[in-house]
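Residue numbers (our numbering), protein chains in the order written: chain A, 233 to 536; chain B, 6 to 371.
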């Protein structure tokens, strides 16, 4: 998850090349092939096969069935709801992530460690619990339930609940990506900008943001993928009302439980496609981030 | 513009970075803040710039109290040790940054900006690098760009934080001379922080020596080198030999040995520490007297104009595995006269000794 490890695969490839090409550092062939064999088999069985299966199953009854499953009223609504949830939660977590990373990387304050730890809470807690938390707070029997009912505000079993659950679950992505990045960059460039007369906004816009933009984009992509794919937490708060509170993953489950396998896999293939697109964009971003930040402190050579 | 700091105090937790420091930096001078790491010199510089807030005391720019003035209104140019160039901008945009960030009313037109940037790049002799990115430059080039960027906003003072600290020895020397030349052209009040005594002595009009949050001595390079005011300054500027001893009549008793010296201002019997530079010591053959400090020749470096001899003290160190280390600089001729050889026992005789009364906290480890 950390940018430092994920963004540097070009360097890793070069190291591997170097090790491979030299007699002195080369491993025995059987070691190489055993390790390669194990990892490739694992990859094929646990990753590639399911992915292929999704598309095969989706198209088993032909394109017509596939297509009609996708343009079914309920499916379209699920797509729309999924997009709404992502469209609200991603920008929210973008703003929060930048603020949190900024606060942690650039300031010293009490409770900093607590904040860093708490940011990870959505990763460490089961999504079901995350959903239940909101039911306990906003549900009919929850803390705010009676008050909400009085004012005719529906959160649980309605769109706001789904958005809240999605926000909670995708909370850490942007912040986790930016914190190590901003900590590594320090605040010297910002200080330089301020001394040169830039105000806070100018400093952020012209100095900080360009430096973190690839990490930020990376975080947003992961955040978006999770927002669209979240099942557990959303499942608890949604109530599974078809055509009203069903997101794509929930719709897949309903179809599956009703033995409409082809339709279920058709919708699932959409999510799988989304995952593939996400991976493609992620790779592209990594590539750009890699070339945009050449090694930060190359030691100087001769002047002029 | 002149700068005064008055009674500046700054602590980081339990650590006292600056303890009641007051200094005057006259207009147009190039002053070096010199001291070992942790002596508070960088903190002082950052307080003058406004990047750090003093716990107590005032900073006066041109006689006006600047303590409450925001960094961006102080009109200081700041050069960072690690350049802090904006890595996603070209050299040109880096230098233009300060001008482009000005409020709408004061902002120069894009054409004026261009002219000014080109002027500055010419000044730092790097006009051909305008379209490069910082990562494509060498360290020395980066620091010159950083300087051009700082000068672009026409600062009233220029503050440089270990500007050559991250460069290799050869580039450092070049840039040092170049900075001096630049200062002679611009005459902008400048303060630069360094831990390199050679750099400070060579470049600055005036040197401020600091240690543990205190100012130890202020003076021209010659003054501080020739007349060190404290043991710390003596030890910090150049290599030095020191002797712990006691005043004994007209002599200094160091262990069982005597050094001829008459520190008339010191009472007999007082504990002292005496310093001598390597060229102020002579070697004489050991003739079983107690005049001169006994030592053994460990190593002779005969490759220079003069010969450097490393010795190990033999005095009163029976319990220790190795004695005190001494360094002596002799002429080739003198070495030939003595027929010096490694392992030989000799005695050290100073031609000049600087004697300080000994008190507890003396940092004479250089």
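Heads up, the beta-carbon is just placed ideally off N, CA and C, and yes, glycines get one too.
When Cβ-Cβ separations below 8 Å define contact, residue 76/B makes contact with chain A. A contact is defined here as three or more CB-CB pairs under 8 Å, and the region 457-467 of chain A fails this definition with respect to the region 289-299 of chain A. Unbroken beta strand (DSSP E) stretches of 3 residues or longer found wholly inside the region 158-204 of chain B: 162-166 and 194-199, given in chain order. With respect to the 8 Å criterion, residue 223/B and residue 50/B are not classified as neighbours on the basis of their beta carbons.
DSSP places residue 305/A in the helix class (H, G or I) of the three-state scheme.
Within its own chain, the residues whose Cβ lies closer than 6 Å to the Cβ of residue 474/A, once the five positions on either side in sequence are excluded, are 306, listed in chain order. The beta carbon of residue 95/B sits closer than 8 Å to those of 135, 136, 137 and 138, all from its chain and outside the five residues before and after it, given in chain order. Under the three-state reduction of DSSP output, residue 52/B falls in the helix class. Taking a Cβ-Cβ threshold of 7 Å, none of the residues of chain A is close to residue 198/B; the smallest such distance is about 15 Å.
Residues of chain B with a Cβ closer than 7 Å to the Cβ of residue 434/A are, in chain order, 106. At the C-beta level, residue 330/A and residue 410/A come within 8 Å of one another. Looking at 131/B, 308/B, 328/B and 310/B, the one whose alpha-carbon comes closest to that of residue 317/B is 328/B.
The beta carbon of residue 145/B sits closer than 8 Å to those of 172, 176, 179 and 180, all from its chain and outside the five residues before and after it, given in chain order. In the DSSP annotation of this structure, residue 99/B is not part of any beta strand (DSSP E); the continuous alpha helix (DSSP H) holding it starts and ends at 96-105. Take the alpha-carbon of residue 289/A and the one of residue 482/A: they are about 18 Å apart.
Between residue 89/B and chain A, the shortest Cβ-Cβ separation is below 8 Å. The Cβ neighbour count for residue 246/A, taken over all protein chains shown within 10 Å, is under 16; the residue is labelled exposed.
Annotation for residue 59/B: 13, 14, 15 and 52 place their beta carbon closer than 7 Å to its own, counting only its chain and skipping 5 residues before and after. Under DSSP, residue 20/B shares a beta bridge with 17/B. Across the structure, residue 319/B and residue 299/B are spaced so that their CA atoms are roughly 6 Å apart. Looking at 106/B, 338/B, 245/B and 351/B, the one whose alpha-carbon comes closest to that of residue 284/B is 245/B. Identification of chain A residues near residue 54/B by a Cβ-Cβ cut-off of 8 Å yields 427, ordered along the chain.
Boundaries of the alpha helix (DSSP H) harbouring residue 468/A: 464-470, taken from the DSSP string.
For residue 79/B, the three-state secondary structure derived from DSSP is coil. Under the Cβ distance rule, residue 325/A does not count among the residues neighbouring chain B, no pair being separated by less than 8 Å.
Chain B has no Cβ within less than 8 Å of the Cβ of residue 332/A.
When DSSP states are grouped into helix, strand and coil, residue 84/B belongs to the strand group.
Residue 37/B and residue 209/B do touch by the CB rule: their CB atoms are close to 4 Å apart, below 8 Å.
In the three-state scheme derived from DSSP, where H, G and I count as helix and E and B as strand, residue 59/B is classed as coil. Residues of chain A with a Cβ closer than 8 Å to the Cβ of residue 102/B are, in chain order, 425, 428, 430 and 438. Residue burial annotation: residue 88/B is buried, with at least 16 other C-beta atoms found within 10 angstroms of its C-beta. Short of 7 Å from the beta carbon of residue 337/A, and not among the five residues preceding or following it, lie these beta carbons of its own chain, in chain order: 411, 414 and 415.
With a threshold of 16 other beta carbon atoms within 10 Å, residue 388/A meets it and is buried. For residue 318/B, the uninterrupted beta strand (DSSP E) run begins and ends at 311-318, by DSSP. By DSSP's assignment, residue 215/B forms a beta bridge with 220/B. Neighbours of residue 412/A in chain B, taken as residues whose beta carbon is under 8 Å from its own, are absent, since the nearest beta carbon is some 17 Å off.
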